[in-house]
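Residue numbers (my numbering), protein chains in the order written: chain Y, 1 to 208; chain P, 1001 to 1208.
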């Protein structure tokens, strides 16, 4: 028995000369940013991480970008009068970075149509449950409260409804006796780090 | 990558002299009845399958019981004026068979409080999804329609609400490209046959 069940992948043919340009949106420690960047850096992925946009000054993800020589841009949401204006600034930065795909990785902002329409079908998000179970905030706590024995994580395309949109990939992990949100969350995070690069590669391949 | 992720089990100490007496309720072909009976027959399980109650004349499960020498009782629901009277007959048969635990395995009847109170906390059911996703009928079709990449099955204690009650065990399987209800259903059934004996053993151990 493995501890993680990944949804199956099809092999992806990678052209080194033409890898999709991905920019990551993150708000936190950046472990999934690092997973994506490191998958891209080994040359086997069909994408390159061209930049990071983060919205929380001092977030750990900034140091991870710096350590990898990946350009990072802080766009603090407090400086904007509306979600729309904030997303306009995000879109402008994504365009400056020549993003083709946008990977949300712990991005704690609700996307508006300004962002969704600018990169329609090319924005992915990661959610720490096996959707459609446990949408919304505190998904790990929701799973523990429901008493499930298996949980996991989901990469899905982003649409206006929160935590909806076509599912690209999922990974399942067991819930163990005595788990709390920290221990189950850590197990789910580890699965996310495996899943997200594979799911992004699949989405890119499917888009042609 | 294995094709099935089972929720983890704790080893169960089995006394050969005192194994819990289980009666199975089934309506269909009986593959899960067979999985439970065969798990019990090899002596490693903490339960013995003492009988089968089925409600559909000619159901395949009857032949499986006969082939294993397990007493089977047909209680056709059409002969009763209410769900309660039907369940009274089921409870009477369960008591004649000296059931301590009741395992629903494709039992296509909604249990009333007559049954639930007679075996409170000792009735398990199997559902072909990773609950809380996809409750109710046609769970496999629901999963396909939702586009999930991982589905599975759940063993849970039965309470008055349909497909609710504490989860005892779950197993996850991938959804593959090109799956239809038949192919995904077969993969989930195979996982059920692994899961149900383990989950029943866990429930018995937890009950002391």
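For glycine and all other residues, C-beta sits at the position ideal for the given N, C-alpha and C.
What do you get for residue 76(Y), buried or exposed, if any count of 16 or more other CB atoms within 10 angstroms of its CB means buried? exposed
Check the DSSP bridge columns for residue 174(Y) and list the partner residues they point to. 150(Y)
Since residue 1050(P) is in the alpha helix (DSSP H), which residue starts that stretch and which ends it? Counting along the chain, residue 1050(P) sits inside no alpha helix (DSSP H); it lies in the beta strand (DSSP E) bounded by residues 1047-1054.
Using only alpha-carbon positions, find the residue among 18(Y), 146(Y), 23(Y) and 192(Y) that is nearest to residue 31(Y). 192(Y)
Report buried or exposed for residue 204(Y), applying the criterion of at least 16 other Cβ atoms within 10 angstroms of its Cβ. buried
Please state if the CB of residue 49(Y) and the CB of residue 90(Y) are separated by a distance shorter than 9 Å. When the beta-carbon positions are compared, residue 90(Y) and residue 49(Y) stay at least 9 Å from each other.
Would you mind reading off the limits of the beta strand (DSSP E) that contains residue 1023(P)? 1020-1026
With residue 1072(P) and residue 1062(P) assumed to form a contact (beta carbons below 8 Å), what rounded beta-carbon distance in angstroms separates them? 5 Å
Contact between the region 1167-1180 of chain P and the region 177-197 of chain Y (3+ Cβ pairs under 8 Å): The region 1167-1180 of chain P vs the region 177-197 of chain Y: no contact.
Over what stretch of residues does the beta strand (DSSP E) that includes residue 127(Y) continue unbroken? In this chain, the beta strand (DSSP E) harbouring residue 127(Y) covers 123-127.
Counting Cβ pairs, one atom from each stretch, are 3 or more of them under 8 Å apart for the region 1082-1097 of chain P and the region 1106-1118 of chain P? yes
Are the region 135-142 of chain Y and the region 91-106 of chain Y touching, with three or more C-beta to C-beta distances below 8 Å? no
Can you tell me which of the three DSSP states residue 1188(P) falls into? helix
Around the C-beta of residue 18(Y), are 16 or more other C-beta atoms found within 10 angstroms, so that it is buried, or is it exposed? exposed
Residue 156(Y) - partner residues in DSSP beta bridges: The partner list for residue 156(Y) (beta bridge, DSSP) reads 125(Y) and 167(Y).
Closer than 9 Å between beta carbons: that is the criterion. Which residues of the region 167-194 of chain Y meet it against chain P? 167, 168, 169, 170, 171, 172, 173, 174, 175, 176 and 177
Roughly how many angstroms lie between the CA atoms of residue 198(Y) and residue 7(Y), to the nearest whole one? 9 Å
Chain P within 9 Å of residue 132(Y), Cβ atoms only: yes
Cβ-Cβ distance between residue 20(Y) and residue 100(Y) below 9 Å: yes
At which residues does the alpha helix (DSSP H) containing residue 1037(P) begin and terminate? 1031-1041
Let me confirm a value: residue 1002(P) is counted as buried when at least 16 other C-beta atoms fall within 10 Å, else exposed. Which label applies? Residue placement at residue 1002(P) is poorly supported in this model, since its pLDDT is 48, which falls under 50; the coordinates are not used for a value here.
Compute the distance between the beta-carbons of residue 1125(P) and residue 1161(P), then report whether it is under 9 Å. no
Along chain P, in chain order, which residues have C-beta atoms closer than 8 Å to that of residue 7(Y)? The CB of residue 7(Y) comes closer than 8 Å to the CB of 1149, 1150, 1174 and 1175 in chain P, given here in chain order.
Drop a sphere of 10 angstroms on the beta-carbon of residue 182(Y), count the other beta-carbons inside from all chains shown, and report buried for 16 or more, exposed for fewer. exposed
Compute the Euclidean distance between the alpha carbons of residue 92(Y) and residue 27(Y), then round it to the nearest angstrom. 18 Å
For residue 1042(P) and residue 1051(P), what's the separation of their Cα atoms in angstroms? Using only the alpha carbons, I get a separation of about 17 Å.
Considering just the uninterrupted stretch of the alpha helix (DSSP H) at residue 1162(P), what are its terminal residues? Per DSSP, residue 1162(P) belongs to no alpha helix (DSSP H) and is neither H nor E.
Rounded to a whole number of angstroms, what is the C-alpha to C-alpha distance between residue 29(Y) and residue 1134(P)? 34 Å
Does the Cβ-Cβ distance between residue 1047(P) and residue 1195(P) come in under 9 Å? Between residue 1047(P) and residue 1195(P), the gap from beta carbon to beta carbon reaches 9 Å or more.
Thinking C-beta only, is residue 154(Y) closer than 9 Å to residue 176(Y)? no
For a contact meaning CB atoms closer than 9 Å, what does residue 1092(P) contact in chain B? Going by chain labels, chain B is absent from the structure shown, which instead holds the protein chains Y and P.
Rounded to the nearest angstrom, what separates residue 54(Y) and residue 167(Y) at their Cα positions? 24 Å
Which same chain residues end up closer than 8 Å to residue 149(Y) when comparing Cβ atoms and leaving out the 5 residues on each side of it in sequence? A distance below 8 Å between beta-carbons, with the five flanking residues on each side excluded, links residue 149(Y) to the following residues of its chain, in chain order: 174 and 175.
From residue 1206(P) to residue 44(Y), what distance separates their C-alpha atoms? Roughly 47 Å between the two C-alpha positions.
Once the 5 residues before and after residue 1123(P) are set aside, which same chain residues still bring their CB inside 6 Å of it? When the five nearest sequence neighbours on each side are left out, the beta carbons in the same chain lying within less than 6 Å of the beta carbon of residue 1123(P) are those of 1102 and 1158, in order along the chain.
For residue 178(Y), which option in 164(Y), 152(Y) and 144(Y) has the closest C-alpha, if you only look at C-alpha atoms? 144(Y)
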